[in-house]
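Residue numbers (the numbering used here), protein chains in the order written: chain B, 1 to 292; chain H, 1001 to 1333; chain P, 2001 to 2254.
Quick reminder that beta carbons are idealized off the backbone N, C-alpha and C, glycines included.
To start, the structure itself, in structure tokens.
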């Protein structure tokens, strides 16, 4: 029994990362209707940057977290300004999708150049001694992961419901044209969305890398996981993204332990395709935007 | 400003460029095995991927839909060829043809469901197919041999001749690639191609002309599936082996990257794309390390500023240099 | 001779608002009918109902002996009905000639295999399509643009290309949605000449239009709509003087 629970929790830990990736994609999508497949790539980039900071400059693993969040929030805003804004003005949605594929590819390439094809990891934030809870042995890093997800979800909720900027963002998400007419700077909202996604990518990457080895090839599985979670959960729905991510992680954890991890992937894909055909807006999304 | 200055230039620029390109291409193709004998496996790989890419041009370049699922059909073509020839002793060429037709039919079925989806959702659904392919090829060990792959696949046997050597495979791919290029060019310059372009631009307006948009998109998707399957089968016969590493999600992305970079509206575009993505990394370790970043950046730039790909951008630049803007003609009226 | 197009009692509401109310319309063969009215009068909805983009709540549309209600817009060109759009929806990646060749689609249909292998039938059809397109292009005085990318042309020329594309389908009835929108005076005069010539060629036309000078210059009959209903239906000179029409337009110069 505890074995079973152990794999569930391990899966949920991965699920937290997927949830954060999907959440970042969801925030970007709801503001700009752009599906950023590159989000998973930025997670790995943040992770490896954190590793380098820690091993190269001797900064403690925990301290890398806030540093990465700041760097990536600002960095993503920069990327959005330089890459996304011009593309969004000129390209059709299909080509924009390919732009994000290009970004994913470029990030992977950057990782290859900067870090080679070796896997990397980092010491845990608060030491290696696992915590014993209800007969289970849990790495302390799991709590940091869950915490990162919780902070993101809570922070996002607070931002969207309690602040003026959040209100403006929600207005843009539900009707960009009307929002623009009301004087809301839609492109600024887009930059903020990307900034938030950057922060989440940093949170995800920095908290997962003590548990798993990451390398330049991890960008694709993370991008795929994020995409599955986001679409099944419902693009544009934050709750859907989190649900989708956790569900996917859970599925992989359980299947991986008792069956075959690839089958987990397959089940997820079958689910994805079924969702796209039967209920394209996902579990929590709204229907109008998807069918012709 | 006379009629002659505006009217004929664009057409003759296009056909002149085409003939020149064809001549150069044919000569190069014949000579290459003798000029760079050590790079033959690279050339074969470029040829294989060219086939997989050229089939995408009606779908991406005309109908405006991006399919990220070429690896599914390549996998069916490859593993299918292995199975049919090893387990059931089918003739290799027959297996390749039947599998291609099967993939065409499969694409029509998937298309019926997927093509109803708006714009990039279709792309995402095909991405789902690519992920499923990667997972299935590793997990379904009884059929595909799992991570260690499928071995002892026979070479292609054509009219009694065994297509075994790199050179033979290369020439075969040149011929098939040429045929595929000819077919896609014919499609592009015919009423079918024009209808596809109309569908890709505005399916509602196309409907008003009597065009059945769904049917055209479905057929374009089927074409991409058939060429991908053929490419997969030929690759399996050439390598005499096939494994999940050949058809990963990254490869699925890179096929679309090849088409997007090179240009989806001509026969040459995918060749440029395939040469850059497959060829350059082979030139040395430094190249291999830097190409992914470079490819990603080029894709971003091309998708933003040059939707016609590099070949299209070259064509536009040449055309613009030789042709004054038609708006001047307004003063004549 | 019975009218080419007969609309009876056509009605359509959207969410409780009657966009088109019980509209009757008869268009005689070989004539030009203009449908005018202030914004929101239901003119475009009427066009959408006739061409099958929207289903009517009530009413019938009879075209050349065929019932149109319930048909997909795709079926119309083969029945002899072609429509142009408000913003000329020419295909940007094709030249003017190619766009016009496409207009004859209903004659060539889907010939994937023949086109792919450039069989003799395709080769023959391409020649025929090309010469017919060139005829139309010449008729509309657009020959100098034939090889240019369609969307590179000035707005007025693009409109004419769209008319040419519509004519390529050899229609009995051509529906034009605001063909003069965005054109200057000289372009509008040219359009008027073209439409006259098209009528001489035996094609019946119905145009939705705001441009009064075009309407008065070429229409044989004018139907005025306001708030979904037909409020006047007569020759241009009479409609011009009609009190109800003047009231509906509230100060539009006539």
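- Put simply, of 248/B, 137/B, 234/B and 199/B the residue whose alpha carbon is nearest the alpha carbon of residue 77/B is 199/B.
- Residue 60/B and residue 131/B have their C-alpha atoms roughly 20 Å apart.
- For residue 2224/P, the enclosing beta strand (DSSP E) starts and ends at 2221-2226.
- Close to residue 1186/H, with beta-carbon spacing below 9 Å, are these residues of chain P in chain order: 2115, 2116, 2117, 2118 and 2122.
- In the three-state reduction of the DSSP assignment, residue 2024/P falls in the strand class, which pools E and B.
- Here residue 172/B carries a helix assignment [DSSP, helix/strand/coil].
- Taking one beta carbon from each stretch, the stretch 1031-1043 of chain H and the stretch 1257-1273 of chain H have fewer than 3 pairs nearer than 8 Å; the two do not touch.
- With its beta carbon less than 8 Å from one in chain P, residue 1190/H belongs to the interface.
- For residue 220/B, the chain H residues whose Cβ falls inside 8 Å of its Cβ are 1248, 1249, 1250 and 1253, in order along the chain.
- Around the CB of residue 2162/P, 16 or more other CB atoms lie within 10 Å, so the residue is classed as buried.
- The Cβ atoms of residue 257/B and residue 7/B lie closer than 8 Å to each other.
- Taking a beta-carbon distance threshold of 8 Å, residue 1169/H does not count as an interface residue toward chain P.
- Of all residues in the stretch 1194-1217 of chain H, only 1194, 1195, 1197, 1198, 1200, 1201, 1202, 1204, 1205, 1206, 1207, 1208, 1209, 1210, 1211, 1212, 1213, 1215 and 1216 place a beta-carbon less than 9 Å from a beta-carbon of chain P.
- The beta carbon of residue 74/B lies closer than 8 Å to those of 195 and 198 in the same chain, with the five residues before and after it left out.
- Cβ atoms of residue 2208/P and residue 2044/P come within 8 Å of each other, at about 6 Å.
- Residue 2215/P and residue 2041/P do not touch by the CB rule: their CB atoms are close to 14 Å apart, not below 8 Å.
- Residue 209/B sits in coil when the DSSP states are folded into three classes, being neither helix nor strand.
- Around the beta carbon of residue 2178/P, 16 or more other beta carbons sit within 10 angstroms, so the residue counts as buried.
- Chain-ordered, the chain H residues with CB closer than 8 Å to the CB of residue 2101/P read 1191 and 1194.
- By the criterion of a C-beta distance shorter than 6 Å, residue 65/B is surrounded in its chain by 206, once the five residues flanking it on both sides are discounted.
- Straight through space, the alpha carbons of residue 222/B and residue 23/B are spaced by roughly 13 Å.
- Around the Cβ of residue 89/B, a 10 Å sphere holds fewer than 16 other Cβ atoms; the residue is exposed.
- Excluding its 5 nearest sequence neighbours in each direction, residue 202/B has C-beta neighbours in its own chain below 6 Å: 46, 68, 69 and 72, listed in chain order.
- By the neighbour-count criterion, in which a residue is buried when 16 or more other Cβ atoms sit within 10 angstroms of its Cβ, residue 5/B is exposed.
- Under the 8 Å criterion on CB atoms, residue 77/B is classed as non-interfacial with respect to chain H.
- The three-state reading of DSSP puts residue 2086/P in coil, since its state is none of H, G, I, E or B.
- Of the candidates 2231/P, 2087/P, 2020/P and 2025/P, the residue whose Cα lies closest to the Cα of residue 2057/P is 2020/P.
- When the alpha-carbon of residue 2053/P is set against those of 2235/P, 2075/P and 2062/P, the nearest one is in 2075/P.
- For the pair residue 1212/H and residue 2118/P, the CB atoms are not nearer than the 8 Å cut-off.
- Shown here, residue 1211/H sits in coil according to DSSP, grouped into three states, outside any helix or strand.
- Against chain H, the beta carbon of residue 2126/P has neighbours under 7 Å at 1190, listed in chain order.
- Residue 272/B reaches chain H at 1128, counting residues in chain order whose Cβ is nearer than 7 Å.
- With a minimum length of 4 residues, the unbroken runs of alpha helix (DSSP H) contained wholly in the stretch 22-110 of chain B fall at 39-57, 61-79 and 85-90.
- According to the DSSP secondary-structure assignment, residue 2067/P is paired through a beta bridge with 2062/P.
- By the Cβ-count criterion, residue 31/B is buried, with 16 or more other Cβ atoms from all chains shown falling within 10 Å of its own Cβ.
- If you look at residue 2033/P, you'll find it isn't in any alpha helix (DSSP H); it sits in the beta strand (DSSP E) that goes 2032-2036.
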